[in-house]
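The structure appears right after this line, and notes come after that.
This is the structure:
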């Protein structure tokens with residue numbers, strides 16, 4: 558199993574540009590989520606999904622869109638990038654949303670918005 | 144709203160010491176609590192997961208405890224090694240959300 562994969566590893570954008578961060582898992586996990594990590598702020602939840610076709614907002618959803626058309630993929634879209642979105646983005650997945658549900662994380666995407 | 148706090152924020156110890164890292168959370172209605180390790184510039188590696196019905200979990204030199212009533216979890220590292228140097232994060236799982244603390248940055252020097 559490849560686990561949780563993310564692409565790209567690094568990205569530089571100009572203000573106003575849009576892009577999609579890709580996340581995929583091959584563990585047949587129902588739950589997937591996106592976090593951003595900023596110095597001194599820890600990891601903050603952006604959006605999450607409890608299954609294909611179902612998404613919901615986390616703590617910091619503004620400026621980001623998600624969709625979940627398949628169990629495997631959970632892309633994160635930046636509609637119009639802003640310098641405040643400079644961060645490291647992590648995707649995570651787990652088998653379920655309750656009980657024993659160890660979270661597995663991808664390697665991250667480091668995004669810089671100029 | 145769940146809030147997770149980790150103390151201390153940073154810790155520097157000589158090799159061989161036994162360590163305790165602390166994690167506290169405000170909402171005791173958690174499914175489980177998970178400890179992670181993060182090396183600089185890397186992703187998160189899961190260390191231990193304690194279900195809400197459990198009191199502790201052990202893996203090698205690591206032992207994590209959970210006291211839901213007091214809103215606390217501790218990660219005990221026995222006989223620390225330089226390779227243990229990393230940031231350690233705890234995360235509390237409530238309903239559909241995993242809420243993280245800001246981490247403890249650990250340095251173990253030879």
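Protein chains in written order, with our numbering: chain A, 558 to 671; chain B, 144 to 253. Just so you know, even glycine gets a beta-carbon here, dropped at the ideal spot from N, CA and C. If you're wondering where the values come from, they're calculated on a predicted model, not measured in any experiment.
- Less than 8 Å separates the beta-carbon of residue 161 (chain B) from that of residue 221 (chain B).
- Of the candidates A:670, A:593 and A:589, the residue whose Cα lies closest to the Cα of residue 629 (chain A) is A:589.
- Bounds of the beta strand (DSSP E) holding residue 229 (chain B) are 229-237.
- The beta carbon of residue 652 (chain A) lies closer than 7 Å to those of 586, 587 and 658 in the same chain, with the five residues before and after it left out.
- Three or more Cβ pairs closer than 8 Å define a contact, and the segment 598-612 of chain A falls short of that threshold against the segment 569-585 of chain A.
- Exposed is the label assigned to residue 152 (chain B), since fewer than 16 other Cβ atoms lie within 10 Å of its Cβ.
- Residue pairing for residue 215 (chain B): DSSP places it in a beta bridge opposite B:167 and B:210.
- By the Cβ rule, the segment 633-649 of chain A counts as touching the segment 570-582 of chain A, because three or more pairs are nearer than 8 Å.
- In this structure, the alpha-carbon of residue 186 (chain B) lies about 21 Å from that of residue 150 (chain B).
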